[in-house]
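**Q** In our numbering, the protein residues as written are 41 to 290.
Backbone N, C-alpha and C fix where the C-beta goes; we use that ideal spot for every residue, glycine too.
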Amino acid sequence: MLPRPICLLQRPLPPKSSVPAHSHPWGQLVYAYKGVLDVSTPNGRYLLPPQRAVWVPPHEKHTVASMAGAEVSSIYISVKEAAIIPQSCNVLEISPLLKELILESMKQPQEYDWTGPSGRLFRLIRDQIAIANTVPLHLPLPTDPRLLKVCDMLLAEPANKDSLQLLAKHAGASERTLQRLFKAQTGTTFQHWRQQLRIHISLQRIAVEDISITQLAGELGYDSTSAFIAMFQKQLGFTPGEYALNLNQH
41 MLPRPICLLQ
51 RPLPPKSSVP
61 AHSHPWGQLV
71 YAYKGVLDVS
81 TPNGRYLLPP
91 QRAVWVPPHE
101 KHTVASMAGA
111 EVSSIYISVK
121 EAAIIPQSCN
131 VLEISPLLKE
141 LILESMKQPQ
151 EYDWTGPSGR
161 LFRLIRDQIA
171 IANTVPLHLP
181 LPTDPRLLKV
191 CDMLLAEPAN
201 KDSLQLLAKH
211 AGASERTLQR
221 LFKAQTGTTF
231 QHWRQQLRIH
241 ISLQRIAVED
251 ISITQLAGEL
261 GYDSTSAFIA
271 MFQKQLGFTP
281 GEYALNLNQH
């Protein structure tokens, strides 16, 4: 039972630790105001760099992990109050306003007055979550064993530049079959999935390693550092260097 229809829970997540798979009958906004989080559900993985959060709808099983450690704020929202929020997992952009509202909510007691100013503060947080912009940081995972074989190969060797046609031979399926299955089971194309994988890996490695952008670009299979930076900025709205600087400021 939640003490109020909308409430906040803060907790540190030490390096290389995780919260085991679980679900609950209320929605949850998972937000690391320090550090980077990796949230997994049956439908895939969601990576949360600074100023990003993931909305987990009621009853959705999920795990939360952090390689480098994080300070986590979770906003729990009852089914009734969460009705205006989309009922699917999404990575959300934390606007400056929403960030300040969450920081203010940290000062409120657990059993605040729902009908008073604190209640209005938490309802405003809910409203801001409902209209927050989504960010493409979801790495959907397929269930077909042939697709999983391809995905595992790329997870093990992200610099792999083999075409889907060549990878299909290793997986024991035709290129056309894998294209169809990728779209059906992940909602995206193979090319886009590989790009999302490289984004996930780059976000994690910049967060936990002292690695140059040039070295990272090469290890992810990019022919030039500029091509990697351009892709990164197009997808996320900031450069790898800006991301690293942001991490150091939190």
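1. Just confirm the distance between the C-beta atoms of LEU88 and VAL79, as a whole number of angstroms; I'd bet it's less than 8 Å.
2. Can the beta-carbon of GLN205 be found closer than 7 Å to that of GLU197?
3. Whole angstroms are fine: how far does the CA of SER106 sit from the CA of ALA72?
4. Considering only residues of the stretch 59-125, which uninterrupted beta strand (DSSP E) runs meet the minimum length of 3 residues and lie entirely inside it, listed in chain order?
5. Out of curiosity, what's the CA-to-CA distance linking THR229 and GLU144?
6. Helix, strand or coil: how does DSSP classify ILE251 here?
7. Enumerate in chain order the residues of its own chain whose CB-to-CB distance from LEU137 is below 7 Å, with the five nearest sequence positions on each side excluded.
8. Taking 7 Å as the threshold (C-beta atoms), are PRO45 and SER158 in contact?
9. To the nearest angstrom, how far is the alpha carbon of ALA199 from that of GLN50?
10. Relative to the C-alpha of THR174, which residue among LEU188, MET146 and ILE125 is closest?
11. Between ILE239 and PHE272, which are expected to be in contact by the criterion C-beta below 8 Å, what is the C-beta distance as a whole number of angstroms?
12. Give the secondary structure of GLU144 by DSSP, where H, G and I count as helix, E and B as strand, and everything else as coil.
13. The alpha helix (DSSP H) with GLU151 in it runs from where to where?
14. Would you kindly report the start and end of the unbroken alpha helix (DSSP H) that includes ILE134?
15. Measure from the alpha carbon of HIS99 to the alpha carbon of each residue in PRO60, HIS64 and PRO82, then state which is nearest.
16. I need the DSSP call for LEU179, collapsed to helix, strand or coil.
17. Name the one or two DSSP bridge partners that GLN50 has.
18. Does SER158 come out as helix, strand or coil in the three-state DSSP assignment?
19. Could you name the residues of the same chain whose beta carbon sits closer than 7 Å to that of GLY75, not counting the 5 residues immediately before and after it, in chain order?
20. Look up THR174 in the DSSP assignment and say whether it is helix, strand or coil.
21. Could you check where the alpha helix (DSSP H) with SER266 kicks off and where it finishes?
22. Leaving aside the five residues before and after LYS189 along the sequence, list all residues of the same chain whose C-beta is less than 6 Å from its C-beta, in chain order.
23. Quick one: Cα of LYS56 to Cα of ILE241, how far?
24. Taking the alpha-carbon positions, what's the LEU260 to ALA123 distance?
25. Would you mind listing the alpha helix (DSSP H) stretches within the stretch 184-245 that are 4+ residues and don't spill past its ends, in chain order?
**A** Let me spell this out:
1. Position 48 of the sequence shown, counted from the first residue, corresponds to residue 88. Position 39 of the sequence shown, counted from the first residue, corresponds to residue 79. Cβ-Cβ separation between LEU88 and VAL79: approximately 7 Å, consistent with a contact (criterion under 8 Å).
2. Counted from its first residue, the sequence shown places residue 205 at position 165. Counted from its first residue, the sequence shown places residue 197 at position 157. In this structure, GLN205 lies away from GLU197, with their beta-carbon atoms at least 7 Å apart.
3. The sequence position of residue 72 within the sequence shown is 32, counting from 1. The sequence position of residue 106 within the sequence shown is 66, counting from 1. Near 10 Å, if we compare the C-alpha coordinates of SER106 and ALA72.
4. The DSSP assignment places 66-75, 77-81, 84-88, 92-96, 102-106 and 110-118 as complete runs of the beta strand (DSSP E) inside the stretch 59-125, in order along the chain (cut-off: 3 residues).
5. Reading the sequence shown from its first residue, position 189 is the one you call residue 229. Reading the sequence shown from its first residue, position 104 is the one you call residue 144. Their backbone Cα atoms lie some 41 Å apart in a straight line.
6. Residue mapping note: residue 251 aligns to position 211 of the sequence shown, counting from 1. Three-state DSSP puts ILE251 in coil, outside helix and strand.
7. Looking up residue 137 in the sequence shown gives position 97. In the same chain as LEU137, and ignoring 5 residues on each side of it, the C-beta atoms closer than 7 Å to its own belong to GLN168, in chain order.
8. Translated into the one-based positions of the sequence shown, residue 158 becomes position 118. Translated into the one-based positions of the sequence shown, residue 45 becomes position 5. No, these two residues do not count as a Cβ contact at 7 Å.
9. In the sequence shown, the residue the question calls residue 199 occupies position 159. In the sequence shown, the residue the question calls residue 50 occupies position 10. Using only the alpha carbons, I get a separation of about 37 Å.
10. For the purposes of this step, residue 174 is taken as the residue at position 134 of the sequence shown. Comparing Cα positions, the closest option is ILE125.
11. Position 199 of the sequence shown, counted from the start, is the residue given in the question as residue 239. Position 232 of the sequence shown, counted from the start, is the residue given in the question as residue 272. The Cβ separation is near 7 Å, so the contact holds.
12. Start at 1 with the first residue of the sequence shown, and residue 144 comes out as number 104. Residue state, collapsed to three classes: helix.
13. Position 111 of the sequence shown holds residue 151. Where GLU151 is concerned, there is no enclosing alpha helix (DSSP H), given that its DSSP letter is neither H nor E.
14. One-based indexing of the sequence shown puts residue 134 at position 94. No alpha helix (DSSP H) contains ILE134, which DSSP labels as neither H nor E.
15. Counting from 1 along the sequence shown, the entry for residue 99 is found at position 59. The shortest C-alpha separation from HIS99 is found at HIS64.
16. Here the question's residue 179 lines up with position 139 in the sequence shown. Here LEU179 sits in strand by DSSP.
17. By 1-based counting over the sequence shown, the position of residue 50 is 10. Answer is SER113, bridged to GLN50.
18. For the purposes of this step, residue 158 is identified with residue 118 of the sequence shown, where counting begins at 1. DSSP, reduced to helix, strand and coil, places SER158 within a helical segment of the structure shown.
19. On the sequence shown, position 35 is the one that residue 75 refers to. Once the five neighbours on either side are set aside, the close Cβ partners of GLY75 are SER106, ALA108, GLY109, ALA110 and GLU111.
20. Along the sequence shown, one-based indexing puts residue 174 at 134. For THR174, the secondary structure class from DSSP, reduced to helix, strand or coil, is strand.
21. Your numbering for residue 266 matches position 226 in the sequence shown. Its alpha helix (DSSP H) spans residues 265-276.
22. The residue labelled residue 189 in the question sits at position 149 within the sequence shown. Once the five neighbours on either side are set aside, the close Cβ partners of LYS189 are ALA211.
23. By 1-based counting over the sequence shown, the position of residue 56 is 16. By 1-based counting over the sequence shown, the position of residue 241 is 201. Counting only the Cα atoms, ILE241 lies some 16 Å from LYS56.
24. Residue mapping note: residue 260 aligns to position 220 of the sequence shown, counting from 1. Residue mapping note: residue 123 aligns to position 83 of the sequence shown, counting from 1. Spanning the alpha carbons of LEU260 and ALA123 requires a straight line of approximately 40 Å.
25. 185-196, 204-211 and 215-226, all fully within the stretch 184-245.
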